Every structure is written in C-alpha cells, then in structure tokens.
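See below for the structure under consideration.
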Amino acid sequence: MHSDSSAVISTKRKISKIYRALVSGILEEDEVVIRQPIGLVRYPGVANGLYVACPSGKPALSKVKVLERNAQRNCMLVEVEIQSGRPHQIRIHLSFIGHTLIGDPLYVSGGQPNCFDPEFGNESFDHDGY
2 MHSDSSAVIS TKRKISKIYR ALVSGILEED EVVIRQPIGL VRYPGVANGL
52 YVACPSGKPA LSKVKVLERN AQRNCMLVEV EIQSGRPHQI RIHLSFIGHT
102 LIGDPLYVSG GQPNCFDPEF GNESFDHDGY
C-alpha cells in the first residue's frame with residue numbers, strides 16, 4: 002500500500018465572532034483595539050463571582066468598529082470582533098473604554114460592576130482560571 006502524504010489535506014477553520022452593540026457616548030476614532038485582561042472577582046450575591054477588567058486576569062482582545070454615530074442621542078452603533086471569548090468580554094471591554102452598552106445595568110465605566118465594593122480589591126481575583 003502506497004501512502005501519499007500530499008493527498009492528506011489539513012484545514013484549519015477560524016471562526017469569527019462578530020457582534021453589534023448600541024453603546025453610550027461617541028468615540029472619536031473609527032476603529033479601536035482593546036487589549037484588557039479579564040478576571041474573576043468575588044462579588045456579593047454572585048456565588049461563582051463576577052468577571053471584571055483587571056491586570057491579573059486572562060488576556061482578552063476586542064476590535065471595535067464604529068458603524069454609526071448619533072450625536073443627538075449621544076450613542077453609537079458599533080461592531081465588535083472578539084478574539085478570545087471571555088465571559089462578558091464585550092460588556093467589560095466597551096465599559097472599560099467608557100462606552101457602556103445601552104441598558105446594561107451591570108457594568109459601568111472602567112469595566113467594573115455597578116456598585117463595585119473596593120473592599121474586594123485585587124486579592125480576591127481567582128487566579129486558578131475558569
């Protein structure tokens with residue numbers, strides 16, 4: 002039996018994850034790349050903790066492209082392509098740069114949860130991953 006290695010075709014599929022979001026505020030740039038790690042923090046009332054923007058978190062990359070600006074309503078329609086797919090990545094990254102999702106009650110500017118209690122600080126990040 003003859004084996005021809007050139008007959009074996011290997012294909013690598015890349016899945017693109019692209020989303021649209023309505024966010025508060027107006028970005029000056031048409032495109033922005035957000036490289037902000039996302040980590041898990043203990044949070045009151047949430048048994049498994051909550052994901053937030055933090056330097057000790059896991060790497061996360063989001064590419065944001067402005068599709069439409071509405072200065073009158075102070076909001077934009079954006080397209081977000083995520084590379085890593087961390088939990089709440091789009092919500093966290095957009096709020097991290099000061100453009101929270103319209104109607105999102107959880108994350109505020111800076112990529113932190115609304116009513117974040119500073120007593121939980123950096124020492125409560127789960128370094129074991131998720």
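Residue numbers (our numbering): 2 to 131.
The C-beta atom is built at its ideal place from N, Cα and C for all residues, glycine as well.
In this text the structure is predicted, and so the values were computed from the model without any measurement.
Using a 10 angstroms sphere on the CB of P88, the tally of other CB atoms stays under 16, which defines it as exposed. Straight-line spacing of the CA atoms in S57 and T101 works out to 22 Å.
The three-state secondary structure of R87, taken from DSSP, is coil. Annotated as proximal: N75 and S25, with beta-carbon spacing under 8 Å. With contacts defined as CB atoms closer than 8 Å, R43 and L62 fail to qualify as a contacting pair. Secondary structure of R21 (DSSP, three-state): strand. In the three-state reduction of the DSSP assignment, S96 falls in the helix class.
In this structure, DSSP gives K15 a state outside helix and strand, which the three-state scheme calls coil. With a 10 Å radius around the Cβ and a threshold of 16 neighbouring Cβ atoms, I91 comes out buried. Beyond the five residues adjoining it in sequence on each side, E82 comes within less than 6 Å, by CB distance, of I19 and K64 in the same chain, given in chain order. About 28 Å separates the beta carbon of K59 from that of D31, a gap too long to meet the 8 Å contact definition. Residue environment for P106: exposed (fewer than 16 other C-beta atoms within 10 angstroms of its C-beta). Taking a 10 Å sphere around the C-beta of G46, we find fewer than 16 other C-beta atoms and assign the residue as exposed.
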